[in-house]
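In the working numbering, the protein residues as written are 457 to 643. Note that CB positions come from ideal geometry on N, CA and C, so glycine has one too.
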């Protein structure tokens, strides 16, 4: 069984009503119960806890002297939290604005946005034209710096919902070369 020795502690009796009830119902846990007295409020200063009746105590009219401290802490925490949030957002904004200059980025010209998306830049230049007279025959060209070049040829094609795939099924030595190029539909 546990025993608690609490003599020489100050008790605010209005905030310790639950403890006074506990002492009344279970005094065996606190052997020095006869030494415990109230320190505050002034109307109960020096009175023994065991002799007080929590139901008869009028603590509703007494305003605890430290209640402003609790409200002040809540307001202080709210203000600090708001300041930290604003500071964090500002730091992220400044970091994102200055990141390009730290990474060595230098704007090319006033048309810099054209170069920011390489897919848009190359999509117009690298299209393989489709011959109008026959869908199965493509006019293909190749200027990517490889050793192999394609000229006008009869190339097998496969139409899909995405576009037309042109395949080149040539044979070089013992291996079969299969190239596929997606040509976007323009309809």
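Inter-residue Cα distance where the pair is residue i and residue j
| i | j | result |
| --- | --- | --- |
| residue 496 | residue 469 | 6 Å |
| residue 472 | residue 499 | 15 Å |
| residue 549 | residue 531 | 27 Å |
| residue 474 | residue 534 | 30 Å |
| residue 541 | residue 556 | 24 Å |
| residue 512 | residue 481 | 17 Å |
| residue 552 | residue 545 | 11 Å |
| residue 501 | residue 538 | 42 Å |
| residue 477 | residue 514 | 15 Å |
Own chain partners of residue i with C-beta closer than 8 Å, once the 5 adjacent residues on each side are dropped
| i | result |
| --- | --- |
| residue 492 | 462, 463, 465, 467, 479, 486, 504, 505, 506 |
| residue 528 | none |
Strand pairing of residue i, partner residues [DSSP]
| i | result |
| --- | --- |
| residue 504 | 493 |
| residue 467 | 494 |
Environment of residue i [buried if 16+ CB atoms lie within 10 Å]
| i | result |
| --- | --- |
| residue 508 | buried |
| residue 494 | buried |
Reference residue i, options the options, closest by Cα
| i | options | result |
| --- | --- | --- |
| residue 484 | 511, 501, 460 | 460 |
Spatial neighbours of residue i in its chain, beta-carbon cut-off 6 Å, leaving aside the 5 residues before and after
| i | result |
| --- | --- |
| residue 536 | none |
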